[in-house]
Amino acid sequence: MFYESTRGGLKSKSSAEAIKMGIAPDGGLFVPESPVKLSPDEIYGLVNLSYQERAVQILKHFLDDYSMEELVECVNLAYTKEKFGSDDIVPVVKLNENVHVLELWHGPTCAFKDMALQILPHLLVKAVAKTGETDETVILVATSGDTGKAALEGFKDVKGTKVIVFFPSEGVSQVQKMQMVTQEGNNTYSVGVNGNFDDAQNGVKAIFTNDSMNDKMSKNGFKFSSANSINWGRLVPQIVYYFSAYADLIKTKEIQEGDKINIVVPTGNFGNILAAYYAMEMGLPVNKLICASNENNVLTEFLKTGVYDRRREFKKTSSPSMDILISSNLERLLFEITEHDSWLITEWMKSLKEEGVYTIDPDTKKKISKNFWGGFTTEAETLKTIECIFNEYSYVIDTHTAVGIDVYDKYVISTGDMTKTIIASTASPFKFNESVVKAIFGENSINNKSEFELLGILAEKCNLTVPDGLKDLDKRPVRHKTVCEKEAMKSVVENILTI
Ligand SMILES: *Cc1c(COP(=O)(O)O)cnc(C)c1O
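For what it's worth, numbering that gives the first Met the number 0 labels the leading residue of the sequence shown as 0, then goes sequentially.
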């Protein structure tokens with residue numbers, strides 16, 4: 000299996016090279032050159048396997064330059080019972096006859112990004128070795144919250160790597176900040192930036208592309224790499240859990256072999272739902288992929304009109320991990336749907352960059368609509384959904400998952416489609432506890448309470464246990480105290496690496 004860039008500038012790269020490079024030099028994203036198709040026997044053969052075994056069966060098709068032993072090793076290091084709380088790794092919870100919730104947040108940081116970021120470091124270390132690189136890998140991350148902690152936790156104490164995370168010092172939640180500044184490990188660094196997420200992101204991009212900095216790095220035996228969601232090594236592990244969920248539904252006799260399902264994904268950068276699309280293209284029986292957005296509803300409009308228009312106000316919502324105006328991974332979908340037309344993709348992406356908008360042709364739009372349905376949820380609807388689901392099922396969901404469930408309701412009302420449905424649940428309710436407690440118990444219940452107090456209140460009132468990753472967070476020693484101006488990010492990196 001070889002990989003090519005969506006912008007046409009690079010072809011025939013191995014998966015190890017694609018993972019090591021992250022983004023192609025022409026600005027495009029790496030995509031498999033040829034489709035992977037699984038036979039029915041392969042798909043239904045997953046039913047009696049463990050999650051780790053299922054993962055190897057899927058990954059081996061895309062990462063065929065890794066040996067089976069290497070894949071087994073990576074998977075076994077990533078998806079352990081200790082880190083994910085049970086052998087299930089991703090439990091599928093039945094809500095009612097039609098709806099099952101795929102809980103993707105049982106990893107160490109309580110959000111779904113662990114599913115990819117627990118395995119990526121191991122894939123990356125092997126990729127570096129395979130391609131004859133001897134430099135130490137330095138991962139730079141700019142984060143608006145969830146990614147930073149997941150990267151720190153994933154790369155923690157992984158030999159041959161250092162991870163440096165920049166977060167907006169006053170722009171993340173109390174829980175998210177404490178998760179990052181108390182991070183353990185001898186190769187982890189988290190740094191607050193006086194500025195917003197864009198400042199942190201621009202600073203990281205500037206360091207990545209600074210020639211003299213890169214020279215200095217290589218003289219000292221370091222090389223930058225990125226762990227952001229456009230890296231193929233983050234996308235491919237996400238394909239696994241859609242097959243795994245389907246296998247679990249067969250196992251529990253909820254569906255029979257060949258039955259189609261719908262998949263609902265609360266979407267930001269379009270990575271998670273794109274993984275579901277790849278699963279479908281590989282042969283997973285899927286009827287519709289339902290793309291759920293919050294009030295930053297660029298994608299809802301795009302799926303309806305074929306016009307992608309980022310020229311709008313950025314809204315801060317209670318589902319902040321989906322507050323995104325440019326969904327980078329959509330580029331991969333467009334490349335696949337247009338049968339790898341890198342010329343068209345380059346035009347559209349140029350237009351997005353220069354004008355802030357692009358319009359796809361009617362044929363491409365029709366092909367996308369065949370598989371995708373889009374909808375969005377308002378802030379009030381998000382809270383209402385958390386309350387309703389709790390009242391009806393005694394089941395507690397976070398704000399992102401609530402967006403998924405509400406958009407699914409809208410889909411059913413609009414289409415009448417009663418196909419069995421899997422809803423991707425992307426964060427633990429404890430991670431966004433303020434909104435959750437407010438939604439279920441009213442505004443008064445959160446007055447004058449810190450997020451740390453609310454963890455305990457949520458656990459007690461809903462008869463749940465605070466996840467290990469969040470327990471006593473406010474009592475842990477702060478290990479990372481650096482806060483810098485946005486102009487100083489480069490020198491912070493130089494200090495950390497003593498170069
Ligand atoms: C990152 C994230 C999302 C969005 O996922 P994409 O792959 O970027 O679409 C949704 N929910 C949570 C909790 C997240 O952390």
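We put the beta carbon where it would ideally sit given N, CA and C, even for glycine.
Continuous alpha helix (DSSP H) stretch holding D198: start and end: Counting along the chain, the alpha helix (DSSP H) containing D198 begins and ends at F196 to F207.
Is any heavy atom of ligand 1 found at a distance shorter than 7 angstroms from the C-beta of K112? Answer for K112: yes, Cβ within range of ligand 1.
Report the CB separation of Q56 from L472 in whole angstroms; it is logged as a contact under 8 angstroms. Rounded, the Cβ-Cβ distance is 37 angstroms, inconsistent with contact.
Can you find the residues in the same chain that come closer than 7 angstroms, C-beta to C-beta, to T397, ignoring five residues on each side of it along the sequence? Reading the sequence as shown, one finds Asp at residue 397 and not Thr. A426, S427, P428, K430, F431 and V435.
Please return the same chain residues whose Cβ sits closer than 6 angstroms to the Cβ of H99, not counting the five positions on each side in sequence. The residues are V91, K93 and I421.
Contact test: I229 Cβ vs ligand 1 heavy atom, cutoff 7 angstroms: No, since every heavy atom of ligand 1 falls outside the 7 angstroms radius drawn around the Cβ of I229.
Can you tell me whether T425 sits near ligand 1, meaning its C-beta is under 7 angstroms from at least one heavy atom of the ligand? T425 Cβ: within cutoff of ligand 1.
Where does the unbroken beta strand (DSSP E) through N193 begin, and where does it stop? If you look at N193, you'll find it in the beta strand (DSSP E) that goes T187 to N193.
Give the DSSP bridge partners of N261, in chain order. DSSP lists T420 as partners of N261.
To test your reading of the DSSP string, which unbroken alpha helix (DSSP H) runs of 4 or more residues are found completely within the region 7-31? The DSSP assignment places 14-20 as complete runs of the alpha helix (DSSP H) inside the region 7-31, in order along the chain (cut-off: 4 residues).
Under 8 angstroms between C-beta atoms of L565 and M281: A query on residue 565 cannot be resolved here, the shown segment of the chain reaching from 0 to 498 and no further.
Taking DSSP as the reference, what is the three-state secondary structure of P476? Three-state DSSP puts P476 in coil, outside helix and strand.
If we call anything under 8 angstroms between Cβ atoms a contact, is A438 one with L496? No.
Compare the C-beta of G468 against all C-beta atoms of chain B and say whether one is closer than 8 angstroms. Considering every chain present, this structure includes no chain B. It has just one protein chain.
Take T377 as the anchor and find which of Y392, P361, D405 and S368 has the nearest alpha-carbon. If we check each option's Cα against that of T377, D405 comes out closest.
Pairwise C-alpha distance: F223 and R233: Between the C-alpha atoms of R233 and F223 there is a straight-line separation of about 17 angstroms.
Under a three-way DSSP split, which group does E256 fall into? In this structure, E256 counts as coil in the three-state DSSP scheme.
Nearest to K366 by CA position, among L288, F389 and V157, is which residue? For the set L288, F389 and V157, the Cα lying nearest the Cα of K366 is the one of L288.
Within a Cβ cutoff of 8 angstroms, which residues of the same chain sit near C109, ignoring the five residues on either side of it in sequence? Here C109 has A426, S427, F429, K430, P466, G468 and L469 as same chain residues with Cβ atoms under 8 angstroms from its own Cβ, once five neighbours each way along the sequence are excluded.
Within 8 angstroms, strictly: CB atoms of N295 and L248: Cβ atoms of N295 and L248: not closer than 8 angstroms.
For F129, which residues in the same chain have their Cβ closer than 6 angstroms to its Cβ, ignoring the five residues on either side in sequence? The sequence given here places Lys at residue 129; Phe does not occur at that position. Annotation for K129: A15 place their beta carbon closer than 6 angstroms to its own, counting only its chain and skipping 5 residues before and after.
Quick check on V395: does DSSP put it in helix, strand or coil? The three-state reading of DSSP puts V395 in coil, since its state is none of H, G, I, E or B.
Expressed to the nearest angstrom, what Euclidean distance is found between the alpha-carbon atoms of S424 and E102? Rounded to whole angstroms, S424 and E102 show a C-alpha spacing of 5 angstroms.
Quick test of the definition: if touching needs 3 or more C-beta pairs under 8 angstroms, does the region 154-172 touch the region 191-209? By the Cβ rule, the region 154-172 counts as touching the region 191-209, because three or more pairs are nearer than 8 angstroms.
Under the criterion of a Cβ to heavy atom distance below 7 angstroms, does T142 qualify as lining ligand 1? T142 Cβ: outside cutoff for every heavy atom of ligand 1.
Please state whether DSSP places F165 in a helix, a strand or coil. If DSSP states are grouped into helix, strand and coil, F165 belongs with the strands.
Should R478 and V180 be called a contact, given that it needs their Cβ atoms to be closer than 8 angstroms? Contact: yes.
Residues sharing a beta bridge with H99, DSSP: DSSP lists K93 and I421 as partners of H99.
So S217 packs on N328, CB below 8 angstroms; how close in whole Å? Contact between S217 and N328 fails: their C-beta atoms lie close to 30 angstroms from each other, not under 8 angstroms.
Beta-carbon proximity of P107 to D113, cut-off 8 angstroms: Their beta carbons are under 8 angstroms apart, which means P107 touches D113 by this criterion.
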